[in-house]
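Read the structure below first, then the notes.
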Amino acid sequence: MWCLTACLVAAALFGSLVAGCRPAARTGGPVSLAPPTREILFRVGVCDAEDPFESGKTAARAAADPLGAAPVKAVIVSECYEDKDRKARVLDGVHSVFPKAVVYGGATYGSIAQSGVAGGESVAVLAIAGKDIDVAAACRPKMGAAGLTLTEHKDALEANLRAAGAALAKQLPKTAESRLAIVIADAHSPKNGALVEGIRGVLGKDFPITGGSVNKNAGQTFVYFRGQMLQDAAVALMLSGEFCVAMAGRQAKENDEVIATAEAAGAEALRKLTEQACRPAAAIAFDCAGRKGRLNNVADELAAMQKALGTQLPLFGTYNAGEIGPADVAEAEPGVLSSGVGWHVMFTVVGW
4 MWCLTACLVA AALFGSLVAG CRPAARTGGP VSLAPPTREI LFRVGVCDAE DPFESGKTAA
64 RAAADPLGAA PVKAVIVSEC YEDKDRKARV LDGVHSVFPK AVVYGGATYG SIAQSGVAGG
124 ESVAVLAIAG KDIDVAAACR PKMGAAGLTL TEHKDALEAN LRAAGAALAK QLPKTAESRL
184 AIVIADAHSP KNGALVEGIR GVLGKDFPIT GGSVNKNAGQ TFVYFRGQML QDAAVALMLS
244 GEFCVAMAGR QAKENDEVIA TAEAAGAEAL RKLTEQACRP AAAIAFDCAG RKGRLNNVAD
304 ELAAMQKALG TQLPLFGTYN AGEIGPADVA EAEPGVLSSG VGWHVMFTVV GW
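In structure tokens, the structure reads:
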């Protein structure tokens with residue numbers, strides 16, 4: 004059984020290690036030194052136990068244990084177990100640690116953490132907690148995309164997805180402290196483009212939106228919302244508080260380019276954060292499963308990310324069937340920060 008955890012917490016005493024957690028070796032790169040006045044925590048747990056319940060429970064417990072009394076605001080699950088029953092057992096394991104009311108996520112093609120790349124049947128959990136961050140959640144079931152294809156039903160499909168995106172975004176409160184929307188949807192690339200257009204029409208062209216499309220393989224297209232396993236659905240989280248967000252996206256389709264763009268996107272997001280006079284506290288990456296498939300060694304992309312971000316910064320990443328964030332394409336619309344595309348790695352770095 005391979006059950007690993009990220010070893011640092013973005014919290015009041017960020018530099019302290021969790022008891023029993025082996026620190027990652029220092030290999031250079033930035034180390035988060037968040038000021039002690041903010042209680043915003045990001046904690047990652049990963050497990051690939053054969054028993055899906057135990058795997059979900061173990062990953063969730065690894066994310067929960069260091070939180071102490073900090074209020075849990077949201078838990079994002081990335082899992083790639085093979086069938087609906089096993090996926091449900093993963094969620095049962097997560098729900099044995101965290102209440103269903105704060106658990107969201109989806110079926111993916113694998114996960115990324117500082118401790119390694121989790122493939123096969125595995126689960127990763129990101130816990131977001133602390134009194135200085137708020138998370139609002141919304142769900143749009145029955146988007147109207149099921150059974151429609153871009154080849155035969157392009158106009159109807161895109162109209163339905165734009166409407167679903169707008170309806171989803173309208174459920175989210177947007178205030179002066181709103182910083183980031185995370186979207187997990189059953190709308191693989193290029194369908195995710197229309198969905199994000201609808202979301203963007205409500206939140207604004209320059210509002211930071213990131214996320215990924217769930218696994219598109221038959222029987223795998225599940226979105227998770229407060230204990231429900233949904234298809235033809237989208238979930239959105241709005242993160243709010245006094246913190247900074249920086250984003251970058253890169254596209255690639257071949258081994259060397261995938262590795263190079265992973266480092267470049269991570270470095271750009273980190274640079275943009277420091278330009279806001281903020282220090283990094285966590286990184287979130289939505290990566291393309293197609294990029295993963297072009298790698299000779301999947302660990303090489305993580306190594307490139309760590310070259311940019313260091314090995315100390317909490318990292319939660321997922322492999323998806325479509326990505327949301329800054330598009331690295333020539334036809335990117337001017338003034339638009341986030342789009343729904345494919346073949347990208349999308350980095351978001353949070354700090355203060």
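Each step along the sequence shown adds one to the number in our numbering, with nothing skipped, and position 77 is 80. Cβ atoms here follow ideal geometry from the backbone N, Cα and C, with glycine treated the same way.
Do you know how far the Cα of residue j is from the Cα of residue i?
i, j, result
"M241", "N163", "22 Å"
"R253", "I262", "11 Å"
"L233", "R143", "10 Å"
"K60", "A188", "24 Å"
"G313", "P176", "34 Å"
"V339", "D54", "43 Å"
"S118", "A159", "43 Å"
"A286", "A62", "18 Å"
"V348", "G215", "10 Å"
"Y322", "A121", "10 Å"
"G222", "K87", "7 Å"
"E260", "V301", "13 Å"
"R274", "A335", "21 Å"
"D209", "R89", "39 Å"
"C281", "K134", "19 Å"
"I43", "R229", "22 Å"
"A104", "V75", "10 Å"
"P317", "L153", "38 Å"
"A272", "V93", "32 Å"
"R203", "S341", "8 Å"
"E155", "A284", "45 Å"
"A236", "E124", "23 Å"
"G108", "V226", "6 Å"
Starting from the C-beta of residue i, find all residues in its chain whose C-beta is less than 6 Å away, skip the five residues before and the five after it, and write them out in chain order.
i, result
"A311", "E266, G269 and A270"
"G293", "W346"
"T224", "D189, V217 and Q234"
"Q279", "C247"
"A170", "R143"
Going by DSSP in three states, residue i sits in which element: helix, strand or coil?
i, result
"H156", "helix"
"L318", "strand"
"R29", "Caution applies to R29, whose pLDDT of 31 falls short of 50 and renders its modelled position unreliable; the value that the coordinates give is listed next. Reduced to three states, the DSSP call for R29 is coil."
"S192", "coil"
"F246", "coil"
"A73", "coil"
"S341", "coil"
"C24", "Only weak support is given to the placement of C24: the predicted model assigns it a pLDDT of 26, under 50, and the question is left unresolved by the model."
"I43", "coil"
"N323", "strand"
"Q231", "strand"
"V301", "coil"
"M308", "helix"
Please list, in chain order, all residues of the same chain as residue i whose beta carbon is under 7 Å from its beta carbon, the five residues on each side excluded.
i, result
"V34", "Below a pLDDT of 50, predicted positions are generally treated as unreliable, and V34, at 43, falls in that range; no measurement from the model is reported."
"T178", "S243"
"G147", "N163 and A167"
"F101", "A63, A67, V75 and V78"
Opposite residue i in the DSSP bridges: which residues?
i, result
"Y84", "According to DSSP, which records beta bridges pairwise, Y84 is partnered with nothing at all."
"P283", "G354"
"Q254", "H347"
For residue i and residue j, which I take to be in contact (beta-carbon distance under 8 Å), what is that distance rounded to the nearest angstrom?
i, j, result
"E57", "G96", "6 Å"
"E257", "R297", "6 Å"
"A132", "A73", "4 Å"
"V138", "S81", "Not confirmed; about 17 Å, so no contact."
"V238", "A172", "V238 to A172, Cβ: 12 Å. No contact."
"V344", "G207", "About 19 Å separates the two Cβ atoms, so there is no contact after all."
Does residue i come within less than 8 Å of chain B when only Cβ atoms are used?
i, result
"F210", "Of the protein chains in this structure there is only one, and it is not chain B."
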